[in-house]
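Below is one structure, written out as structure tokens; comments come after it.
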Amino acid sequence: MQSASVHWAAGFGVIRHREETQRRINDVVARLRQEGVAGDGLDPFDVLIAADRLGSAAMWLAVHQVYAQAVHLDGRELTTVEFKIDPQGHLGGVLNMVPAYVGYLAANALTGHTRAWLMGQGHGVGAVDSTNVLVGNTTPVHAARYDVSDEGLGRFCRDFYSYALDDTGRQDSPVGSHVNAYTAGGLAEGGYLGFAELEYPHMPLLGERLVAFLSDGAFEEQRGSDWAPRWWRPFDSGLVAPIMIKNGRRIDQRTTMAQSGGTAWFVDHLRLNNFDPIVIDGTDPAAFAWAILEIERREEAAARSWADDPKPPYGLPLPYAVAVAPKGYGFYGAGTNPAHNLPLPGNPRFDPSSATTFHDSIRDLWVPPHELSPALARFAGHDRSSRPRERDHPLAVRNVRLEQVPATSARPVPEDRASGWRRADWPRSSPMDRIDAGFVATLRANPHLRPRVGNPDEMRSNRLLQTLDELHFRVTDPEAGLPESVDGAVITALNEEAVVAAGIANKGGINLVHTYEAFGTKMFGNLRQEIIFTAALAEAGRPTGWLSMPLCLTSHTWENGKNEQSHQDPSLAELLWGEVSHVARVLFPADANTAGELIAGVFQTNAQIWAIVAPKRDVPELFDPDEARRLLINGAIEVPFAGDRRDSADVVLTAVGAYQLHEVLRASARLAERGEPHRVVYMIEPARFRRARCAAEQAHLVPPETAGALYPASAPFRVFLSHTRPEPLLGLLGPLHTGRTTRALGYISRGGTLDVRGMLFVNEATWAHVLRAVAEVRGVDESEYLTEAEREALAGRRTPTDVI
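Offset between the sequence shown (1-based) and our numbering: plus 1188.
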């Protein structure tokens, strides 16, 4: 009888095992047996034989998913009407991902460990979904719709790019064009190419294992992946197995890597950046399984060396596999430009020659049912090794909580706020100082949480001094006398996308990211991918449990006048208002007490990004601890020490932002001098007053009675002064808009080399401009509220210095 090893070596269909791969597999099987690793209790070669058949069947199904609306497991040919009218899909990348994902499953079965997986090429989801549906590794929605039958797999193919809406008007198909909330074990959509490359070294906690499938296109799309060896450490991170699928083509042409010297050039590049490259056959599931186990073996050896020498010089080369394959291997047109999407020369439904080519090309991929069934069964041995299914890998089921919630460091404020807050001796402090202190207190109270801080530039300038002293910059060669260490938790790079990735990726721990506000827009793509996927998971009934992350936008627009207009941009807050507000929260602390309340509150929630637009300079302490708590709970409060709240008060002045509050308070004081009844509101989270776009967002809004109390119908004259541009704010606050009697002021894209007062004036956002807006909405002359000198300054007929 033929031995299992010989049977496997013969290959199956288009899957062939090169001599190098056979040598590697024989070595690793011998090692597993010597170490007594039983895995799922099967002979290792039986697992690999099954992997060949699973891989071939998944490729066969993936081709059907693109071109067909019916499946025949018995292998008979499709009829003309069983082809799709409008085939869609990124077939080449899918076909290259099938051996990779099957190799990942095989590695799990060989060792009895369920690893996490991450795929940068989100459009390759067909590989994952096709393999998962065959082995039954599915989320409940997929399990209810698809099984391994002609009808079940036919529906699976018809659902791919079906565009159908269900009875509720939502997308009917749970099969996405990219990784989505129904993809078993999916962690990110992957639609933003390159972010997986930035995130993977920060993802697994100690004791966990992650396989990251990376894209050669992302290598040129998103710089920063070369820094992975600078960030990964064997003593505070789990094992990571980065594997690049090197298939050599973008959509229209060869990659820069292919034009620069191909695999040999890339291997040299990896070595120069402190990787330990391993080249494998990207068409063979066994090669991927071997690469995963070999990478982990090398990393475990490095970890043991660290245990033996607690302070060695850091120089660990990070193992990295390069899986070389023609684009779309296994089907017609492999290695050509059309292989990226639809490799056939025509649509087989209407072109008989393309139909013939389809059938000829899938013949070697088809697996007879009598071979397929036992192969699939060999990937269902999780109970034998007491490990979770791959859909439930550790990174997919995070549920993080604080063990201790430290007390907030709020301070009482003086009683004479109405008249005294502008005095030189009034208590002032930095909101960022309070955030800094609150974050460090939370770290110390919860040592079970691995910290990561994303720092793109000047941490001390942004007033995170305690955080830096507590955690240190992570470096490979610490310099004496500086807050640097090999095991530091502050991830620093002059690349906003790379540092925000560190916070997003560390979902098993606790995170903080900060940036100059103007440069936060460079983080937006990564943030948006995370926000979209998080919201989709919750809507699909699979809410994720990572600890919410503060994103501190400081050194902000109004504080950065000295640095020219490139440093004056509130766009990120405005962009985040466009996303779902129950996941993407944008908050504007008015002072240190409100900032302290925010940094305490963020870590008592899960699966949210809190963009905190905070001054770093000392500003007056205006809200007492109770008012700060009510601000966070209610999204806004009526300022108790300002305004004249008689029943006849028909004007509401609203500030959004610390410096904006100071201007509104000055305007309020002038109105009080004139005997004008009015209300003053501070709004810390404007998006909670928007018109809801989904049920979850509706639940996040303030109750109607709260909004009604702040903005009663009896007060139709409304002026908003915002940290942001006025137009986005007005659009956001549509429910509060009263038409011609509502105005908004804010940043109008003017700047230069200015101080705070100059910035406010050139953007028509001072207290005097607020009063002019009040006159406009009430239909009275400006002279009711402004002196002649003030009006001349506003009109540009005299300098505003010492006047406004």
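Here a beta-carbon is modelled for each residue, glycine too, at the ideal position from N, C-alpha and C. Computed from a predicted model, the values in this text were never measured in an experiment.
Contact under 8 Å by Cβ, G1784 with T1655: no
Sequence-distant residues of the same chain with beta carbon closer than 7 Å to P1671, five excluded per side: L1656, D1657, H1660, F1661
Anticipated Cβ contact below 8 Å, E1762 with P1874, distance rounded: So it is not a contact: roughly 11 Å between Cβ atoms.
Whole-angstrom distance between L1249 and R1537, CA atom to CA atom: One alpha carbon belongs to R1537, the other to L1249, and they sit about 18 Å apart.
Three-way DSSP call (helix, strand, coil) for K1750 in this model: helix
Alpha-carbon spacing of Q1190 relative to A1513, whole angstroms: Counting only the Cα atoms, A1513 lies some 30 Å from Q1190.
Alpha helix (DSSP H) segments (min. 4 residues) lying fully within the segment 1532-1587: 1540-1550, 1557-1565, 1570-1573
Those residues which DSSP pairs with C1740 across a bridge: H1702, I1800
Contact under 8 Å by Cβ, A1846 with A1606: no
Continuous beta strand (DSSP E) stretch holding M1947: start and end: Note, M1947: premise wrong, no beta strand (DSSP E); alpha helix (DSSP H) at 1944-1950.
CA nearest to the CA of S1754, picked from A1565, G1939, A1693: The residue with the shortest Cα to Cα distance from S1754 is G1939.
Beta-bridge partners of Y1289, as assigned by DSSP: BP columns for Y1289 are empty, so no partner.
Inter-residue Cα distance where the pair is A1197 and V1217: 13 Å
Minimum length 4: unbroken alpha helix (DSSP H) runs contained in the segment 1871-1956: Segments of the alpha helix (DSSP H) lying fully in the segment 1871-1956: 1883-1888, 1892-1898, 1914-1920, 1944-1950.
Which residues DSSP lists as bridging Y1508, in chain order: P1465
Contact belief for G1691 with V1701 at Cβ below 8 Å, rounded distance in angstroms: Indeed they touch by this definition, with Cβ atoms about 4 Å apart.
Status (buried if at least 16 other CB within 10 Å, exposed otherwise) for V1323: It counts as buried.
Pairwise C-alpha distance: Q1848 and L1933: Their backbone Cα atoms lie some 10 Å apart in a straight line.
G1940 CB to nearest heavy atom of the ligand ADP below 7 Å: No copy of the ligand ADP occurs in the structure displayed, which carries no ligand at all.
Nearest neighbour of W1420, chosen from S1337, F1567, D1675 [CA to CA]: Of the listed residues, the one whose Cα sits closest to W1420 is D1675.
Reduced DSSP category for K1434 - H, G, I as helix; E, B as strand; rest coil: Strand, per DSSP.
Which of helix, strand or coil DSSP assigns to E1603: coil
Nearest residue (CA-CA) to D1812, options K1804, G1534, V1827, T1842: V1827
Beta bridge counterpart(s) of M1307 as assigned by DSSP: F1401
Bridge partner(s) assigned by DSSP for P1362: The partner list for P1362 (beta bridge, DSSP) is empty, contrary to what the question assumes.
Residues bridged to A1256 (per DSSP): F1271
Reduced DSSP category for P1594 - H, G, I as helix; E, B as strand; rest coil: In the displayed model, P1594 falls within coil according to three-state DSSP, outside both helix and strand.
Separation of A1372 from Y1334, as counted between CA atoms: 13 Å
C-beta contact flag for P1808 and W1609 at 8 Å: With a cutoff of 8 Å on beta-carbon distance, P1808 and W1609 are scored as near each other.
Length of the line joining the Cα atoms of G1919 and R1878: 9 Å
Among L1921, A1686, E1339, nearest to L1386 - alpha-carbon criterion: A1686
Under 8 Å between C-beta atoms of A1897 and V1840: no
Cβ-based neighbour list, E1885, same chain, cut-off 7 Å, excluding 5 preceding and 5 following: Only residues of its own chain outside the window of five on either side were considered, and among them V1768, S1769, H1770 have a CB closer than 7 Å to the CB of E1885, listed in chain order.
Chain-order list of residues whose beta-carbon lies under 7 Å from that of I1273 (same chain, five-residue window excluded): R1537
C-alpha distance - V1585 paired with Y1370, whole-angstrom precision: 14 Å
Which listed residue (L1460, W1478, N1461) has its alpha carbon closest to that of V1467: Answer by Cα proximity: W1478.
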